[in-house]
Every structure is written in structure tokens, then in C-alpha cells.
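Residue numbers (numbering that gives the first Met the number 0): 0 to 221.
Note that CB positions come from ideal geometry on N, CA and C, so glycine has one too.
All remarks here apply to the structure that follows.
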Amino acid sequence: MFGDATIETVRELVASGADHIALLMRHSAREFNKNVHDLVNPLTEEGRDLSRRLGEALPKSHTLRGYASPPERCIETAQLALLGHASKGGEATRVRPVEGLGVFYVLDQMKMFRALEESDGMDGFIDCWVRGELPRDAMMPADQAARLVLDIVAAKLDHPVAERQIDLCVTHDLTVHMVRDRLLGAWPDYGPVEFLDALAVYRREGRLFMRGQVGPEREVGA
């Protein structure tokens, strides 16, 4: 079920002693109405239920704080997760929109969507992006964008509001794909980024690490 892999990742990290985890997570299940701008498509009812379920299942030893890309489906994913967490006795704070969790790296949406349609799926599009084969006025360089997103997520670890905490940073599949590719490297079993899939960012002994739901963790900074 969507979200299960993220729940399991968090439980493993908490069991290993992680006090503060930031999750760069795709939003929940959404509508795909082609008659409206893609970023306007909201969550489905299933997506709302899955968001609440995720929050209900996260460890209640940790306070939950939310950040989200400005589109409604991202903000609602975070809000419902926090409500689910609180409904089962967990501490939750608030959700705040953050532009840096959005698609800031898309410089020309029409050119980007055209390139995506011409690529062999998301993986093919990412490959073209990281090789610099997309128009320079369509997309920010992938390495630069990945580092900017990491900086935004890692900064949450520097400003805790509780002794033990999980920060939900809700974003889009393209963002998770791009960060995973550039900072974790190619891993044959990664597969697509599903709804509520996440990359976990955390510190251990002063070093910054990231891990996905398969494959090894990787040190990504200080």
C-alpha cells in the first residue's frame, strides 16, 4: 500500500536511535484531470485516507512538523498526516508552504512537458536532464537543483521544536526522482517514485546521511 515503505523506513531509523528525521516525500494519490493545469489536480479520497493513515502509523515518540510545496495536494497531504498523527496521541505542530519544495527548477513548463512526453518515461526524462540534453532555458541543471533541495530539507534538522522529531517535506515525484538520482546514485531496484515514497535525511555523529527505501544510505554532507 502507498506509504508502507516510508513508514517502515522511519521505524527502522527510529529503532536505530534517530532522534530527528526529515522526509522528502511525494504527495499522496491525486487526480489526473488533463483539463486543468497539472499542479491544480487535488488529492483523491483515497489519497486523503492514505495521508491520514501515514500519520497514524508514524512513531508517536516523535513530534511531527510539516512543510509542503505550495500546490493544494502537497499541503493537504502534510495536513492530513499531521492530523492522523495527532489522532493517535502524537504531537504535531503545523504545516507551512515552502516554495523550494515546489518545481522551482522548471524554467519553462511547456518545454519541460514536451520533453517529458518525448522521453522514455520519467527515468528517460531524468537521464536527459542529468546529461544536460534538455534545453538550457527549460530546466535548471539537475546537480544544482538537487543540492538546493537537500539544503532546504537538511536545514530543518538545524531547527528542532522537540527532542525527537520528524519533518515531513512534501513535494513532487520529479523532485524525489531528481534528488535520488543525483545524491544516491543509480541503484537497479529503486523503481518509480510512488505516492508517499520518501527519501530520509538525518544526522549521525555530525555527518549528514540520506537513504531511500531500498539500497544503502549515503553520506551527503556535514
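* **At least three beta-carbon pairs within less than 8 Å, the segment 173-187 to the segment 40-53** => The segment 173-187, when compared against the segment 40-53, does not touch it at the 8 Å Cβ threshold.
* Can you give me the Cβ contacts of R29 inside the same chain, cut-off strictly under 8 Å, excluding the 5 residues immediately before and after it? => Mapped onto the sequence shown, residue 29 falls at position 30. So the qualifying residues of the chain are N40, P41, L42, T43, G46, R72, F194.
* Straight-line Cα distance separating E216 from G184 -> Reading the sequence shown from its first residue, position 185 is the one you call residue 184. Reading the sequence shown from its first residue, position 217 is the one you call residue 216. Rounded to whole angstroms, G184 to E216 spans 11 Å at the Cα level.
* F246, DSSP secondary structure in three states -> Residue 246 lies beyond the residue range present for the chain, which begins at 0 and ends at 221; the question has no answer from this structure.
* V129 versus S118: straight-line alpha-carbon distance, rounded -> For the purposes of this step, residue 129 is taken as the residue at position 130 of the sequence shown. For the purposes of this step, residue 118 is taken as the residue at position 119 of the sequence shown. C-alpha separation (whole angstroms): 13 Å.
* To do: In the DSSP assignment, find the beta strand (DSSP E) that holds T170 and state where it starts and stops.
  => Translated into the one-based positions of the sequence shown, residue 170 becomes position 171. Taken as a continuous stretch (DSSP letters only), the beta strand (DSSP E) holding T170 covers 164-170.
* Asked: Excluding the five sequence neighbours on either side, which residues of its own chain have a C-beta within less than 7 Å of the C-beta of I74, listed in chain order?
  -> Mapped onto the sequence shown, residue 74 falls at position 75. Excluding positions up to five away in sequence, the list reads A67, V94, P96.
* Simplified DSSP assignment, three categories, for H19 -> In the sequence shown, residue 19 corresponds to position 20, counting from 1. Under the three-state reduction of DSSP, H19 is assigned to strand.
* Measure the Cβ-Cβ separation of V200 and A77 and say whether it is below 8 Å. => Numbered from its first residue, the sequence shown carries residue 200 at position 201. Numbered from its first residue, the sequence shown carries residue 77 at position 78. For V200 and A77, no; Cβs fall outside 8 Å.
* To do: Determine the contact status of S50 and S27, defining contact as a CB-CB distance below 8 Å.
  => The sequence position of residue 50 within the sequence shown is 51, counting from 1. The sequence position of residue 27 within the sequence shown is 28, counting from 1. Taking 8 Å as the Cβ cut-off, S50 and S27 qualify as a contacting pair.
* By a C-beta neighbour count over all protein chains shown, 10 Å radius and 16 as the cutoff for buried, is M109 buried or exposed? -> Sequence index remark: in the sequence shown, residue 109 carries index 110 (1-based). With fewer than 16 Cβ atoms within 10 Å of its Cβ, M109 is classed as exposed.
* **Reference G131; option with closest CA among D142, A14, P159** => Counting from one through the sequence shown, the residue named residue 131 turns up at place 132. If you compare the alpha carbons of D142, A14, P159 with that of G131, the shortest gap goes to D142.
* To do: Report the partner residues of P58 according to the DSSP bridge assignment.
  => Taking the sequence shown and counting its residues from 1, one reaches residue 58 at position 59. DSSP output for P58 lists no bridge partner at all.
* Determine the direct distance from the alpha carbon of P191 to that of R64, and round the result to whole angstroms. => In the sequence shown, residue 64 corresponds to position 65, counting from 1. In the sequence shown, residue 191 corresponds to position 192, counting from 1. Pairing R64 with P191, the inter-Cα distance amounts to about 26 Å.
* **First through last residue of the alpha helix (DSSP H) which encompasses R146** => Translated into positions along the sequence shown, residue 146 becomes position 147. 141-154 is the span of the alpha helix (DSSP H), which, as asked, contains R146.
* To do: Kindly give me the distance between the Cβ atoms of L22 and L167, rounded to whole angstroms, as I take these residues to be in contact under 8 Å.
  => Translated into positions along the sequence shown, residue 22 becomes position 23. Translated into positions along the sequence shown, residue 167 becomes position 168. L22 to L167, Cβ: 6 Å. Contact.
* **Closest Cα partner of G83 within the set E98, V102, L57, D107** => In the sequence shown, residue 83 corresponds to position 84, counting from 1. When only C-alpha atoms are compared, the closest one is L57.
* **Sheet register partners of G220 (DSSP bridge)** => Along the sequence shown, one-based indexing puts residue 220 at 221. G220 is bridged to L207.
* To do: Would you decide whether G88 is buried or exposed? Buried here means 16 or more other CB atoms lie within 10 Å of its CB.
  => Here residue 88 corresponds to residue number 89 of the sequence shown, with the count starting at 1. Result: exposed.
* Measuring CB to CB, does L149 end up less than 8 Å from V219? -> Counting from 1 along the sequence shown, the entry for residue 149 is found at position 150. Counting from 1 along the sequence shown, the entry for residue 219 is found at position 220. Yes, Cβ-Cβ distance for L149 and V219 is below 8 Å.
* **CA-to-CA distance, G54 to G101, given in whole angstroms** => The residue you call residue 101 lines up with position 102 of the sequence shown. The residue you call residue 54 lines up with position 55 of the sequence shown. Rounded to whole angstroms, the gap between the alpha carbons of G101 and G54 is 22 Å.
* Asked: The beta strand (DSSP E) spanning A91 covers which residue range?
  -> Position 92 of the sequence shown, counting from 1, holds the residue named residue 91. Segment 91-96, the beta strand (DSSP E) holding A91.
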